[in-house]
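Take a look at the structure below.
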Amino acid sequence: ELADIGVFGLAVMGANLARNAARKGFGVAVFNRNGARTDELISEHGSEGRFTPSKDIAAFVASIKRPRPIIIMVKAGQPVDDVIEELIPYLEEGDIIIDGGNSLFTDTNRRFHYLTGKKLRFIGMGVSGGEEGALEGPSMMPGGTLEAYQRIEPIVTKMAAQVDGEPCCVYIGTEGSGHYVKMVHNGIEYADMQLIAEAYDLFKTVYGLSAPEIADIFADWKTGDLDSYLIEITAAVLRKTDSTGKPLVDSIVDEAEQKGTGRWTAQSALDLGVPLTSITEAVFARALSGRRAHRIEAEKLLPHPEFPKRKPTAADIEAVKDALYASKIVAYAQGFEQMTAAAKEFGWELKLGEVSTIWRGGCIIRAAFLNRIREAYESGVAAPNLILQDYFRDAIVKAEPSWRKVVSLAIEAGVPVPAFTSSLAYYDGLRRARGPANLLQGLRDYFGAHTYARLDKPGKFHTRWSQDGSEVQTS
Ligand code: 6PG
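In UniProt numbering, the protein residues as written are 3 to 477.
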């Protein structure tokens, strides 16, 4: 009997997706360039379902039901192109290659059009949830043609996590839109994690709490508005001791690595002109963390403000929670605004209510909070910015005084909280009808005759700054 789906690439994500599909009752053809991985998968997990292992690509492709859906799970970048070229000679009209990796959306756009030109179909599918998600049910963000998606829908909606009976998988849109949405998911993941790290830093550096004490705080937050997977695993990471009996986290090198999705989100925001400050700060914070040698040197040379440590009161802890929550609202509002801008720019019909729906389970940023975002989009009166939607507006207004206090405290104590700070600056910029950019326009006109608009009359104007100082209308 032919397999329902193929999986090419059996490193941990690929192997777990293959096992997931098999456990849900689908026949799964599996292939890996190094056949030893294939043998390992079959010997360890072959009993979990109907696997068809192959050692060569021709046999692998031939073992799948037409039109063949083939998920490829290989490293993003050139390896994806290589696998596509290896598969093409064996594929037939209408077969579907599904890239489940973290590919750059512009690569996915290119591959989509390339394969369409060959009468093949291509789906760029964001898959979130890490190893465990891939196995137990990830959140899936497939992009490509709707009819290609419909071919795989019965399979992927069963593989995905389920929340309140709804699968965390929905058709996103054409071209690279699925990978775009996954990229923004990861950007938000960067911001979420940075905000958590800043709260941790305040508790540790300003309040002198130990890792297990901070773990207790995060465990407590898990039960409120901040209820999320990342908050939950933060408590677990902080509580973990190593073989010496001391907190593991205290021995982990403070240099954050990154594989690219956060940086791409920020780069796309710059291209689109979207003020994506929180996520971008999170990317820069990782970059600064990576300059460890500079930091070690700088700590010796630069003075640090004197700031006596003191135990936090319940109100102090609550204030940090408010600052985290308000900043999180900003990060998500910016991420969703970016998707709106991208949809417009690239001609995709992104349904953001559905995006928030499939992020409620399976993925790394899964959180109770996403139900509120979904409600905002489904109420039919989506405000131009999520911050202006009733629920979030009330929440952010309530948190605002503590948010300011926490940021001030951090500044006084010399503890960097770039994501808290830039989120607050964005909020303060947003809530003012009139900012200081009038002066920027005046300066631009002064040195470059770039013109300005006036509040009191329509048109564009230029002042002859270095001539007679008179104003002329230019349009
Ligand atoms: C997910 C994760 C996953 C991966 C990130 C890590 O949604 O399951 O985001 O895709 O863990 O790529 O990204 P960095 O290595 O850049 O932190």
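Every residue, glycine too, gets a C-beta built ideally from N, C-alpha and C.
The ligand 6PG has a heavy atom closer than 7 Å to the beta-carbon of His-187.
The ligand 6PG never approaches Ser-358 closely enough for any of its heavy atoms to be under 7 Å from the residue's Cβ.
The DSSP-derived three-state label of Ser-404 is helix. Rounded to the nearest whole angstrom, the CA to CA distance from Gly-167 to Pro-307 is 53 Å.
As summarised for the region 18-71, the continuous beta strand (DSSP E) elements at least 3 residues long and confined to that stretch are 30-33, 53-55, given in chain order. Within its own chain, the residues whose Cβ lies closer than 8 Å to the Cβ of Glu-50, once the five positions on either side in sequence are excluded, are Arg-21, Ala-24, Arg-25, listed in chain order.
By the criterion of a C-beta distance shorter than 6 Å, Glu-351 is surrounded in its chain by Gly-175, once the five residues flanking it on both sides are discounted.
Following the DSSP letters along the chain, one finds Ser-329 inside the alpha helix (DSSP H) bounded by residues 316-348.
Per DSSP, Thr-465 is one residue of the beta strand (DSSP E) stretching across 462-465.
The alpha-carbon separation between Ser-270 and Ala-345 amounts to approximately 12 Å.
Inclusion of Ser-130 in the 7 Å shell around the ligand 6PG follows from its C-beta lying nearer than that to a non-hydrogen atom of the ligand.
Nearest to Val-129 by C-alpha distance, out of Leu-117, Ile-74, Lys-121, Glu-87, is Ile-74. Beta-bridge partners of Ser-141 (DSSP): Ser-130. For the ligand 6PG, a non-hydrogen atom lies closer than 7 Å to the CB of Glu-259. The bridge partners DSSP lists for Ser-230 are Ala-369.
The continuous alpha helix (DSSP H) containing Asp-430 extends over residues 420-432. Membership of Ile-174 in any alpha helix (DSSP H) is not indicated, and neither H nor E is assigned to it by DSSP. The Cβ-Cβ distance between Ser-358 and Ile-331 does not fall below 8 Å.
Looking at the backbone, the Cα of Arg-433 and that of Leu-304 are separated by about 36 Å. Pairing Thr-40 with Val-30 gives a Cβ-Cβ distance that is not under 8 Å. Asn-104 has its CB nearer than 7 Å to a heavy atom of the ligand 6PG.
Between the alpha carbons of Val-399 and Tyr-393 lies a gap of roughly 10 Å. In this structure, the CA atom of His-296 is about 26 Å from the CA atom of Pro-310.
Membership of Ile-389 in any beta strand (DSSP E) is not indicated, and neither H nor E is assigned to it by DSSP.
With contacts defined as CB atoms closer than 8 Å, Ala-335 and Glu-402 fail to qualify as a contacting pair. Nearest C-alpha to Glu-88 among Ile-72, Gly-103, Met-161: Ile-72.
Using a 10 angstroms sphere on the CB of Asp-194, the tally of other CB atoms reaches 16 or more, which defines it as buried. Considering only Asp-203, Arg-395, Ala-300, the residue with the shortest C-alpha distance to Val-419 is Asp-203.
The beta carbon of Val-14 sits closer than 8 Å to those of Glu-133, Ala-136, all from its chain and outside the five residues before and after it, given in chain order. Pro-156 sits in a helix when the DSSP states are folded into three classes.
Placement of the Cβ of Ile-281 at a distance of 7 Å or more from every heavy atom of the ligand 6PG is found. In the three-state reduction of the DSSP assignment, Asp-101 falls in the strand class, which pools E and B. In this structure, the CA atom of Gly-145 is about 11 Å from the CA atom of Arg-123. Where Gln-475 is concerned, the enclosing beta strand (DSSP E) starts and stops at 473-475. Excluding sequence positions up to five before and after Ala-421, its CB lies within less than 8 Å of the CB of Ala-193, Gln-196, Leu-197, Glu-200, Ser-280, Glu-283, Ala-284, Ala-287, Ser-329, Ala-333, all in the same chain and listed in chain order. Checking the DSSP bridge columns, you'll see Val-165 partnered with Glu-168.
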